[in-house]
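Just so you know, full-length UniProt numbering puts 382 at position 133 of the sequence shown, and the rest follows in order with no gaps.
Since the structure comes first, as structure tokens, the remarks are kept for the end.
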Amino acid sequence: EKGGYDHFMLKEIHEQPEAIFDTFRGRLLSNEAMIKLAGVEDNMKKFLAADRIIVVACGTSWHAGLVSEYIFEDLARIPVEVEYASEFRYRNPVITEKDIVIAISQSGETADTLAAIKLAKSKGAFVFGVCNVVGSSIARETDAGAYTHAGPEIGVASTKAFTTQITVLTLMALRLARAKGTLSSSEFRHHLIELETIPSKVEEALKSDAYVQTVADIYKYATNFLYLGRGFNFPVALEGALKLKEISYIHAEGYPAAEMKHGPIALIDEQMPVVVIATKKGHYEKVVSNIQEIKSRKGKIIGIVTKGDVSVKELADHVIEVPETLECLTPLLTTIPLQLLSYHIAVMLDKNVDQPRNLAKSVTVE
Ligand code: M6R
């Protein structure tokens, strides 16, 4: 059942090229320059009239929501707020009929997310679900939705659910961008063509596995890790840190790279591995200067860079390359080495990768 892999997590990491392909199959029609998402199409009026989108989710799904905030705002120019479902539901939030709530959940059974949906509905908002499990409670409770089609995810640490959630949300943002005219038809077409190449680029990113293992071996006894990213890749930094925490039990924190000098920089010394997402285009020069700041405090730098990078290579202790793509699609690639890094560290520390202590696959109690 693990398809020759030692763990479900590793199998699911390697399934991502196919899972992402399955997510856009029949929806992304690049020849016709179209995106077809029935749940969006059928409710286009509501989407176009919406004042804002509020995303509710927990854990990794919340991170996918944060990535989508950058994507929706950049491509479709719709304001987005991303909320922890558990906070939203108890905050007496301001919600109206002009709001669209997007609930993201792999399992479709997360108690807090389900309660947030019920609250939003009671205030008259239109609720759209992005779920993986077909027929799940959240899929049934929402007004419309789009499945991720990632296939079953067994490992407690979410991997392919995350990248396929980002894929669905990107399709939605592109469809709305086209309808609103915030992308020209040539830009739109260019995005479709690039998105179509992502499965093969993920395949290529997975080839860093052997090198990631050597990096994992060097840092497996570290007691703290920092993960930094900016823009579209700030949420990826949060996700990388969560992956490491939950399966290796190493303390890790994700930060927007520029926030470092507002506090966390005090933590940096020669013991501290800092994973920095530094792909080209994504505020690259600024991230390079953040890397210089870490280096001058003797932190160990693991850079996630675009293939062919020169500047970060000169500064970093290790660099892991991912293929080049559009800036808004980079999270789908930069996530891969971070998943592999946490996986290999957990295996080397002999932890229970697929069923980490204290955690359940779906959190059905609040
Ligand atoms: O099934 P959901 O997407 O609603 O689950 C949300 C979180 O419980 C989940 O993403 C959790 O954070 C994962 N263990 C992360 O790997």
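Think of the CB as a built atom: it goes at the ideal place given N, C-alpha and C, for glycine as much as any other residue.
Can you check whether the C-beta of residue i is within less than 7 Å of a C-beta belonging to chain C?
i           : result
residue 520 : In the structure shown, chain C cannot be found, because there is only a single protein chain.
Leaving out five residues on either side along the sequence, give the residues of the same chain with a beta carbon under 6 Å from the beta carbon of residue i.
i           : result
residue 595 : 496, 497, 602
residue 378 : 352, 387, 388, 391, 394
residue 610 : 405
residue 354 : 310, 362, 380, 387
residue 364 : 338
Short of 7 Å in beta carbon distance, which residues of its chain neighbour residue i, apart from the five on each side in sequence? Order them along the chain.
i           : result
residue 361 : 307, 334, 335, 338, 615
residue 582 : 450, 451, 454, 571, 572, 574
residue 348 : 299, 300, 301, 303, 374
residue 533 : 527
residue 588 : 262, 408, 492
residue 600 : 496, 497, 498
residue 472 : 499, 500
residue 370 : 376
residue 251 : 257, 260
If contacts are defined as beta-carbon pairs under 8 Å, then residue i and residue j qualify, I think. What distance do you get, rounded to the angstrom?
i           : j           : result
residue 525 : residue 506 : 7 Å
residue 604 : residue 409 : Going by Cβ atoms, the distance from residue 604 to residue 409 rounds to 17 Å, so no, they are not a contact pair.
residue 406 : residue 294 : Incorrect: roughly 39 Å between the Cβ atoms, too far for contact.
residue 466 : residue 597 : 6 Å
residue 523 : residue 477 : 6 Å
residue 540 : residue 565 : 7 Å
residue 357 : residue 331 : Not really, about 19 Å apart at Cβ, beyond 8 Å.
residue 543 : residue 550 : 6 Å
residue 569 : residue 470 : With a Cβ gap of about 20 Å, residue 569 and residue 470 do not count as contacting.
residue 429 : residue 590 : Rounded, the Cβ-Cβ distance is 38 Å, inconsistent with contact.
When you compare the CB positions of residue i and residue j, do they come within less than 7 Å of one another, or not?
i           : j           : result
residue 464 : residue 272 : no
residue 261 : residue 404 : yes
residue 548 : residue 517 : yes
residue 422 : residue 320 : yes
residue 501 : residue 474 : yes
residue 397 : residue 412 : no
residue 325 : residue 425 : yes
residue 487 : residue 512 : no
residue 446 : residue 612 : no
residue 372 : residue 344 : yes
residue 462 : residue 256 : no
CB-CB under 8 Å to residue i, same chain, minus the five flanking residues each way: which ones, in chain order?
i           : result
residue 366 : 305, 350, 352, 376, 378, 387, 390, 391
residue 562 : 552, 554, 568
With a threshold of 16 other CB atoms inside 10 Å of the CB of residue i, please say whether the residue is buried or exposed.
i           : result
residue 228 : The structure shown does not extend to residue 228, since the chain is modelled only from 250 through 615, so no value can be given for it.
residue 448 : buried
residue 318 : buried
residue 608 : exposed
residue 368 : buried
residue 385 : buried
residue 427 : buried
residue 346 : exposed
**OP:** Count the CB pairs spanning the stretch 569 to 579 and the stretch 527 to 540 that are closer than 8 Å, and state whether there are at least three.
**Re:** yes
Original post:
Counting pairs of Cβ atoms below 8 Å between the stretch 279 to 287 and the stretch 438 to 453, do you hit three or more?
Top reply: yes
**OP:** Take every Cβ of the stretch 575 to 585, pair it with every Cβ of the stretch 466 to 482, and state whether three or more of those distances are shorter than 8 Å.
**Re:** A contact exists between the stretch 575 to 585 and the stretch 466 to 482.
Subject >> contact_flag[the stretch 298 to 313, the stretch 412 to 427] where n(CB pairs < 8 Å) is 3 or more >> reply: yes
Original post:
Taking three-plus beta-carbon pairs below 8 Å as touching, is the stretch 553 to 560 in contact with the stretch 420 to 435?
Top reply: no
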